[in-house]
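All residue numbers for the sequence shown refer to this note's numbering, where the first residue is 9 and numbers rise by one.
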Amino acid sequence: MLLSVRHLRLDLRPRGWWPFRRPRGRLIDDLHLDLRAGEALAVVGESDRELSALFHLMAGARLPTSGSIRYFDPAKSARAPAQELSALPPGARSRLRDEIRLIAPPVLTGRHGRRRLAEFLGTGRSDDSAATRAQRVGLDDALLGCRLRELDAESLRRAALARALIVPPRVLLCDGLFEDLDDGARARLAELLRGLQQEFGFALVFGSSRLGDAAAAAGRTLVLYRGRVMEQAATADLLHEPKHPYTRSLLEAQTAGAMRPRRPAPHGDDAPVMGCVFHPRCALREAACVRSVPHLRKTGAEHYAACHFVGAVEAMPR
Ligand code: SF4
């Protein structure tokens, strides 16, 4: 075990001034997650904001409202206590970023976009050259002289990966790596991630709005909706036997979209939802769904779903 997340919650800041402050719901709500050494986990959801918030919390770059994120350092003895990220002082949290690294597509505004690729890859404590780092992620040497803003979206993602691996981390968190890419670029990037993970042995967590990306690069998948885990399972199980109506809707959207899977309509506002957060969009909704929150329960080996009526989902035609 490398990371253990329990009862994680991140509230949005209330709107307005006291005494008229209005609560605005949650980005992350009672989230549980375990990450094992060397595994690849996909977090699939339609809200980039929620996925990004989760990755920042897991990297210790943002503090949760409540809950715990514990890091088990493999370099320490098995009896050493795990480190609670939110309890670490800021200096210790930033030192931990060498081991738990968060990456996102490079920023292109202002002077960031004017940096040349060689300069972007040339930093850090390592003897290998920028050219070696570029080759590792399939970037042509000819691109080293280009400015970042001149590179296409796929090359920018490859550059972000190359930079993250100058000193390989134990956990690599990829935020927004697949977004705004076409199908071919997504497939190539997934293949690259698989290869890099085999070569360096890090645990990988990446976010995506598509189950197809999870199928291509992750052994396990967690489906997130309005900050809550709807379902988690081995990716193959989740794709072949989804147990939650939301996972079903994501799969159907992907199948209907054929070449370009359509994202389901996102939830419109941050207002808290009573009961099951998916009930306003669920075709199987019953009175119980509005009354009480369904918690994750085991529906098979390593397969969990948060729905009161898993049996009804299984009976639905596909
Ligand atoms: S608990 Fe009810 S509303 Fe929620 S997903 Fe299951 S059937 Fe749908």
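By construction, the Cβ of each residue, glycine as well, lies at the ideal position given by its N, Cα and C atoms.
Item	Value
R34 in three-state terms, based on DSSP	strand
Cβ separation of L129 and R165, assumed to be a contact under 8 Å, to the nearest whole Å	Actually they are not in contact, since the Cβ atoms of L129 and R165 sit about 13 Å apart, beyond 8 Å.
Three-way DSSP call (helix, strand, coil) for T255 in this model	helix
Near ligand 1: F317 beta-carbon under 7 Å from a heavy atom	yes
L292 CB to nearest heavy atom of ligand 1 below 7 Å	yes
Check: H252 C-beta below 7 Å from any heavy atom of ligand 2	Questions concerning ligand 2 fall outside what the structure shown contains, since the ligands it does hold are ligand 1.
P302 beta carbon near ligand 1 (any heavy atom closer than 7 Å)	yes
Within 8 Å, strictly: CB atoms of S94 and I77	yes
Cβ contact check for the stretch 20-30 and the stretch 38-56: 3 or more pairs under 8 Å	no
Beta-carbon proximity check, T229 vs A50, cutoff 8 Å	yes
Residues bridged to D19 [DSSP beta-bridge criterion]	R34
Nearest to S216 (by Cα), restricted to the options A198, C315 and G24	A198
Beta-carbon contacts of L212 that lie in its chain and below 6 Å, excluding the five residues immediately before and after	A48, L180 and Q205
C-alpha gap between A241 and F80, whole angstroms	22 Å
Three CB pairs or more closer than 8 Å across the stretch 285-297 and the stretch 220-229	no
Residues of its chain near R194, where Cβ-Cβ distance is below 8 Å and the 5 sequence neighbours each way are ignored	F186, R218, G220, D221 and A224
Contacting residues, own chain, Cβ-Cβ under 6 Å from S356 (five flanking each side not counted)	Any question about residue 356 goes unanswered here, given that the chain covers just 9 to 326.
Check: H311 C-beta below 7 Å from any heavy atom of ligand 1	no
Residue from L43, V52 and E54 whose Cα sits closest to the Cα of M66	L43
beta-carbon C375 near ligand 1 non-hydrogen atom, thresh 7 Å	This structure cannot settle anything about residue 375, because the visible part of the chain is limited to 9 through 326.
Own chain, CB closer than 6 Å to R141, minus 5 neighbours either side, in chain order	L129 and A170
Opening and closing residue of the alpha helix (DSSP H) in which S74 lies	Taken as a continuous stretch (DSSP letters only), S74 belongs to no alpha helix (DSSP H), being part of the beta strand (DSSP E) at S74 to Y79.
Assigned exposure category for T131 - 16 Cβ within 10 Å defines buried	exposed
Straight-line gap, K251 to R123 (C-alpha atoms, nearest Å)	47 Å
Counted within 10 angstroms of its Cβ, other Cβ atoms place T117 as buried (16 or more) or exposed	exposed
DSSP state of H303 mapped onto helix, strand, coil	coil
H15: CB within 7 Å of a non-hydrogen atom of ligand 1	no
Rounded straight-line distance, which links the Cα of C315 to that of C154	50 Å
C-beta contact flag for F214 and P176 at 8 Å	no
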